[in-house]
Structures are given as structure tokens and as C-alpha cells.
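This note's numbering applies: residue 12 is where the sequence shown begins, and numbers increase by one.
Read through the structure below, which is laid out as C-alpha cells, and then see the notes.
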Amino acid sequence: MRRWAQKIDFALILLVGILLLFGLMILCSASTAGTGAAPSDAYYYVKKQLAWVFAGLVVMIGMCSFDYHVLGQYHRLIYLGTLVSLAAVLVLGRNVSGSQRWFLIGPARIQPAEFAKIGIVISLAKHLEKKEQLEGFADLLSAFVHVGLPMLLILKQPDFGTAMVFGGVLLGMLFMAGASPRHLAIIGASAVGALSIATWLSVAGILPILAPHQVSRIVVFLDPYADRTGAGWNVIQSMIAIGSGGLFGKGLFNGTQAQLNFLPAHHTDFIFSVVGEELGFLGAFTLLALYLLLLWRGLRIMVLAKDDFGANLAAGVVSMLVFHLVINIGMTLGVMPVTGIPLPFVSYGGSSLITNMAGIGLLLNVHMRRHKITFR
């Protein structure tokens, strides 16, 4: 048992634990001022998030309690289940604010697109393990089709932000698997160009490829002050919050933008703005340092993995976390479009937290089985 325990990456577990505690602390400050959903209980979101934390810990333990190669044996079934769940939510899901992304199960809202991230990481990891080479564009085609199908279903919801994460996971896993950086850069630039053309066609009214709210978000990304009291309000208030925090911040429960509800979604999408305002540059820097250490542990696990499948799994989880961080923090700073992507382990949300904890479980699983485990 002692030799088994030596296989566990306790540093990774410690980092996740610190991030979860940090998240609960910030959520307590961000949500007790009131967000409009549960005014009768100031700790409503904190209590629910704490329940999701315990559920996430169970999922994390479950994900590292068996040999990860079992997942590879069922990769086709996992991929099919992912597609079925994404298609089912379009028919049976709950429509909220024009988006059909959730299943209602009792008091909980389950977002299949979040869990689909883990399903795609697993199935794509096995898919890439079978590829003999990734030298040309033709070699990458099957991987793009593999991820493209669930991306189309997610765009249909519509959920552009989550689709962006899927694209990021795909590019990250291909890069780690040995695909040419030049080819990936060309593909990425082409995607940006296509989005730019689609935006222009939609704004000009020539061809409405994008929905009006998607066009609005992209336009606001380019100039948030073009609609300062409308679509640009969130970004402007976020930048004010972060900028006003200074070096040391205003202190927990003392931020004006969050506590006075000037900043919308301050317990979910814009919780990093609360960190910047109330804990200042030092608090935000500390949080980013924790994330960087977490990513470094993930990359270390990828390098130490005993086979390509394990390395691909670790690369997928790291890529997922990287793109969540880039998109979420970028949108709070006004350098990325507002897409509704949560901050890992910190933003309120059960589906997102459980998905991230499942990813940590995969990392622990790969690390524990980098050598043969013996029990004595």
C-alpha cells in the first residue's frame, strides 16, 4: 500500500485543493451581496458549490481508481454517448435565454457539453494513438472530423464559447501528438479568417451566418464602448473592477462593482474580476501562479506517461484547462469576446466543476500508472 501511495501526485491534489478553497472564498464574497436568484439566502451559491465540490471529489477519486486503458477499450462507446447526449439536449433540453444547453434533473441543471469535453479528450486520445503519422494536412483530417461533429452540435445550441474550447483541445492535442506547428498555425489562422468573414457578412446583412447576439459580442470585443450601456456593459464594468483593485485590492466583501451589482455574472463568468478588485494585482497574480503550477504538473504527467494514450489524455486535460483560462481571463480583461466560459475550480457551476475534477482524476490516473503498481 505504501508503494501504491507513492504513485499519487500529492502536489497536484494540493494545488487543486487550494484552488477549490480559493474559489469558495471568492464565491462567498461575490455572491453574498446578492445575484438575483436567491435573495433569501446569502450563502445559497456557496452551499450549492460546496455540494458540487464533494461530488467532484467523488468523481475525481472514481476516475483514478481503475486503469485508464479501460477507457481506451471503450473509446467508441464513449464517443457515441457524447454525440447522443449533445443531440438529445437539442430535443429534450431546457431552453434558457435562447440557448438549449441543459437537462433539468431535479433541482440540478446538467450541461452535457461540459461532460462532452472529457468524452472527446478520451476518444481523441485513443484516435491519435492509432495514427501512424501527423505530417500532412490529410493526416489531420480525421481528427478534425472527430471533433467537428460534436462542435457542430454545440454550435447548434448555440454555445460558441464551449465550441472554442473544443477547437483549442483539438489543436493542443494535435500539437502535443507531433503535428506540424506550421500546419496548425495555418488552420488556426484560417478559422479566424472564416469567423471574420462570417461576422462581416452578418453585420452587413448580406448573409446572417451568426446570430445577432454573437455578432454583438464580437463587435463589443472590438470596441466595448460602442454599446456601453448594452452589450458592452459587462466588459466595461469588468475592466473597471480589475483596474480599481490596484496592488492590494479593496479587501474581501469591499469591492464596489461586485458588491453593488454593477458587474453582472460576478459569481460565474466574471469572478476573476472580483479577484482583481478585492484582492488586487497580488491576489490575481497568486491565482495565476497556482494555475501555472497546476498546468506544469499536468505537462509533467504527460512527459512521464508510459504510453502515447496516457500522454494524449494528459495533453487533452491540460489543453482544456489552458483554453478555459485564456478565454475566461481574456474576456474579463477585454482581450477576448465574452463567451460565458467559467474559470476552472473558481466560478460557480456544477457541470463545469465536475468536468474539471474528472480531468484531474485522469491526470492522477496516468501519473499513478506511469509504472506498474505493486502491492506489498
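Each residue gets a CB set at the ideal place from its N, CA and C atoms; glycine is no exception.
- Query: Beta carbon of G345, beta carbon of P235: below 8 Å?
  - Reply: Reading the sequence shown from its first residue, position 334 is the one you call residue 345. Reading the sequence shown from its first residue, position 224 is the one you call residue 235. Result yes, Cβ atoms of G345 and P235 sit closer than 8 Å.
Between F334 and V180, which are expected to be in contact by the criterion C-beta below 8 Å, what is the C-beta distance as a whole number of angstroms? Indexing the sequence shown from 1 puts residue 334 at position 323. Indexing the sequence shown from 1 puts residue 180 at position 169. Indeed they touch by this definition, with Cβ atoms about 7 Å apart.
Q) Which whole runs of the alpha helix (DSSP H) in the stretch 286-332 are 4 residues long or more, in chain order? A) none
| query | Quick one: Cα of I247 to Cα of A295, how far? | reply | Within the sequence shown, the letter at position 236 stands for residue 247. Within the sequence shown, the letter at position 284 stands for residue 295. Near 18 Å, if we compare the C-alpha coordinates of A295 and I247.
Helix or strand or just coil, what does DSSP make of I121?
Here the question's residue 121 lines up with position 110 in the sequence shown. Reduced to three states, the DSSP call for I121 is strand.
- prompt: Taking V214 as the reference, which of V231, A276, L30, G199 has the closest Cα?
  reply: Here the question's residue 214 lines up with position 203 in the sequence shown. Residue V231 is the option with its Cα nearest to V214.
Practice problem: For my contact list, L35 and V57 are in at a C-beta cut-off of 8 Å; report their separation, rounded to the angstrom. | Solution: By one-based count along the sequence shown, residue 35 stands at place 24. By one-based count along the sequence shown, residue 57 stands at place 46. Right, the Cβ-Cβ distance comes to about 6 Å (below 8 Å), so this counts as a contact.
Segments assigned beta strand (DSSP E), at least 3 residues, entirely inside the stretch 135-217: none
Entirely enclosed alpha helix (DSSP H) segments - the stretch 49-96, minimum 4 residues:
55-74, 80-84
Review point. Residue range of the alpha helix (DSSP H) that R228 falls in?
Key: Locating residue 228 in the sequence shown gives position 217, where the first residue counts as 1. Looking at the DSSP string, the run of the alpha helix (DSSP H) that includes R228 is 223-233.
*When the distance is taken between beta carbons, is M313 closer than 8 Å to I300?*
Along the sequence shown, one-based indexing puts residue 300 at 289. Along the sequence shown, one-based indexing puts residue 313 at 302. This sequence places Ala at residue 300; Ile is not what is there. The answer is no: Cβ separation not under 8 Å.
Exercise for review: Just confirm the distance between the C-beta atoms of E288 and I253, as a whole number of angstroms; I'd bet it's less than 8 Å.
Suggested key: To locate residue 288, count along the sequence shown from 1; it is residue 277. To locate residue 253, count along the sequence shown from 1; it is residue 242. Right, their Cβ atoms sit about 6 Å apart.
(Q) Would S227 and P169 qualify as a contact pair, given that the criterion is a beta-carbon distance under 8 Å? (A) In the sequence shown, counting from the first residue as 1, residue 227 sits at position 216. In the sequence shown, counting from the first residue as 1, residue 169 sits at position 158. It is not a contact, given that the beta carbons lie outside the stated cut-off.
Next item on the list: For I220, name the three-state secondary structure that DSSP assigns.
Entry: Here residue 220 refers to the residue found at position 209 when the sequence shown is read from its first residue. The answer is coil: DSSP assigns I220 none of H, G, I, E or B.
Strictly by DSSP, which residues pair up with N106? By 1-based counting over the sequence shown, the position of residue 106 is 95. Partner(s): Q111.
Worksheet item: Cα-Cα, which of S76, A242, L233, A205 is closest to P223?
Response: In the sequence shown, the residue the question calls residue 223 occupies position 212. That would be A242, whose Cα lies nearest to the Cα of P223.
Margin query: Among the candidates L25, M347, G327, whose CA atom is the shortest distance from the CA of K128?
Written below: Position 117 of the sequence shown holds residue 128. Nearest of L25, M347, G327 to K128, Cα basis: G327.
State the DSSP-derived secondary structure class of I282, mapped to helix, strand or coil.
One-based indexing of the sequence shown puts residue 282 at position 271. In this structure, I282 counts as helix in the three-state DSSP scheme.
Counted within 10 angstroms of its Cβ, other Cβ atoms place S76 as buried (16 or more) or exposed:
On the sequence shown, residue 76 is found 65 positions in, with the first residue counted as 1. Answer is exposed; the Cβ neighbour count stays below 16.
At what residues does the alpha helix (DSSP H) containing I253 begin and finish? Within the sequence shown, numbered from 1, the residue matching residue 253 stands at position 242. Per DSSP, I253 belongs to the alpha helix (DSSP H) from 244-255.
Cβ atoms of V329 and L306: under 8 Å apart, would you say? In the sequence shown, residue 306 corresponds to position 295, counting from 1. In the sequence shown, residue 329 corresponds to position 318, counting from 1. Contact: yes.
* Asked: Which term fits L233, buried or exposed, when burial requires 16 or more other beta carbons within 10 angstroms of its beta carbon?
  -> Working through the sequence shown from its first residue, we reach residue 233 at position 222. So L233 counts as exposed.
* What do you get for R380, buried or exposed, if any count of 16 or more other CB atoms within 10 angstroms of its CB means buried? -> Mapped onto the sequence shown, residue 380 falls at position 369. Flag for R380 reads buried.
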